[in-house]
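*Asks:* The numbers in the working numbering rise by one with no breaks, and the one at position 44 of the sequence shown is 44.
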Amino acid sequence: MEWRALLPRLRRRSATLDITQLLQPGSARARVEARSHKAVLNFASKVIAEACPEVAERSLLQGLLTRERLGSTGLGEGVAIPHCRHPDCPAPVGALITLAEGIDFGAVDGEPVDVLFCLVVPEQQNRTHLDVLAMLTRIFSEADNLANLRQAATDAELFDTICWQMDEVQQW
1 MEWRALLPRL RRRSATLDIT QLLQPGSARA RVEARSHKAV LNFASKVIAE ACPEVAERSL
61 LQGLLTRERL GSTGLGEGVA IPHCRHPDCP APVGALITLA EGIDFGAVDG EPVDVLFCLV
121 VPEQQNRTHL DVLAMLTRIF SEADNLANLR QAATDAELFD TICWQMDEVQ QW
């Protein structure tokens, strides 16, 4: 099933999360150089471990790789949302990354991925996990949102853009 087909169901959910609870300014990284699927997950693990020191970088990378083995988190249209649950994660945390050049991520449409939101949530927070994924899917389903994220030249610009988009999604 194409991810856009899920939108009617996702729109019915009421996301009440504040993006700044999930993503710190230092966790938005624009135009990163990464040449492979594993390299970008390694980079995302470092960024998240900096934001959430309770989670060891190596175990986080292992969790993300394990989840990817279950099936690619590449949604299509250049977007991926790698995610996992982690026992040491005290609260949901993420990293938004745009890539200088797209990479093969095994996306459903076969297109290279250049926009990623890496998400880690506590093991027990199933509902929060699903709500955040739904919220991100809503943001990434809009072509204008993706274009604005891709145009962000700096980390600060990328962070401001996703915060604005989050506010817009909350008003749906």
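Cβ atoms here follow ideal geometry from the backbone N, Cα and C, with glycine treated the same way.
If you draw a straight line from the C-alpha of isoleucine 97 to the C-alpha of serine 45, how long is it?
*Replies:* Approximately 11 Å, taken between the alpha carbons.
*Asks:* In whole angstroms, what is the alpha-carbon distance linking cysteine 118 and threonine 161?
*Replies:* Taking the straight line joining both Cα atoms gives about 17 Å.
*Asks:* Taking 9 Å as the threshold (C-beta atoms), are alanine 28 and phenylalanine 159 in contact?
*Replies:* Cβ atoms of phenylalanine 159 and alanine 28: closer than 9 Å.
*Asks:* Are cysteine 84 and leucine 64 touching if we call contact CB-CB under 9 Å?
*Replies:* Cβ atoms of cysteine 84 and leucine 64: closer than 9 Å.
*Asks:* Evaluate contact between the stretch 53-71 and the stretch 145-158, counting only Cβ atoms and requiring at least three cross-stretch pairs below 8 Å.
*Replies:* With the cut-off at 8 Å, the stretch 53-71 and the stretch 145-158 do not touch.
*Asks:* Hey, glycine 76 and alanine 49: beta-carbon distance below 9 Å or not?
*Replies:* Not in contact: glycine 76 and alanine 49 (Cβ atoms no closer than 9 Å).
*Asks:* Indicate the three-state DSSP secondary structure (helix, strand or coil) for leucine 7 in the structure shown.
*Replies:* A caution first: leucine 7 carries a pLDDT of 43, below 50, which makes its placement in the model unreliable, though a value can still be read off. Looking at leucine 7 - three-state DSSP - the assignment turns out to be helix.
*Asks:* Whole beta strand (DSSP E) runs in the stretch 12-63 with 3 or more residues, listed along the chain?
*Replies:* Here the runs fully enclosed are 28-32.
*Asks:* DSSP three-state label for phenylalanine 140, please.
*Replies:* Of the three classes helix, strand and coil, the one that applies to phenylalanine 140 here is helix, per DSSP.
*Asks:* Quick check: leucine 41 and leucine 61, are their CB atoms within less than 9 Å of each other?
*Replies:* Yes, these two residues count as a Cβ contact at 9 Å.
*Asks:* Looking at leucine 99 and valine 47, is the spacing between their C-beta atoms short of 9 Å?
*Replies:* Against a cut-off of 9 Å, the Cβ pair of leucine 99 and valine 47 comes out as no contact.
*Asks:* Can you have a look at glycine 78 and say buried or exposed, based on whether 16 or more other CB atoms are within 10 angstroms of its CB?
*Replies:* Per the 10 Å Cβ criterion, buried.
*Asks:* Should leucine 130 be labelled buried (16 or more other beta-carbon atoms within 10 Å of its own) or exposed?
*Replies:* Exposed, because fewer than 16 other Cβ atoms sit within 10 Å of the Cβ of leucine 130.
*Asks:* Taking alanine 80 and phenylalanine 105 to be in contact with their CB atoms under 8 Å, please state how far apart those CB atoms are, rounded to whole angstroms.
*Replies:* Rounded, the Cβ-Cβ distance is 5 Å, consistent with contact.
*Asks:* Write down every uninterrupted run of the alpha helix (DSSP H) in the stretch 52-125 whose length is 4 residues or greater and which is fully enclosed by it, in chain order.
*Replies:* Counting whole runs of 4 or more residues, the stretch 52-125 contains the alpha helix (DSSP H) stretches 57-70.
*Asks:* Assuming proline 122 and cysteine 89 are in contact, meaning their beta carbons sit under 8 Å apart, how far apart are those beta carbons, in whole angstroms?
*Replies:* Between cysteine 89 and proline 122 the Cβ distance is about 5 Å, and since that is below 8 Å, they are a contact.
*Asks:* Could you tell me if alanine 30 is buried or exposed, where buried requires 16 or more neighbouring beta carbons within 10 angstroms of its beta carbon?
*Replies:* With 16 or more Cβ atoms within 10 Å of its Cβ, alanine 30 is classed as buried.
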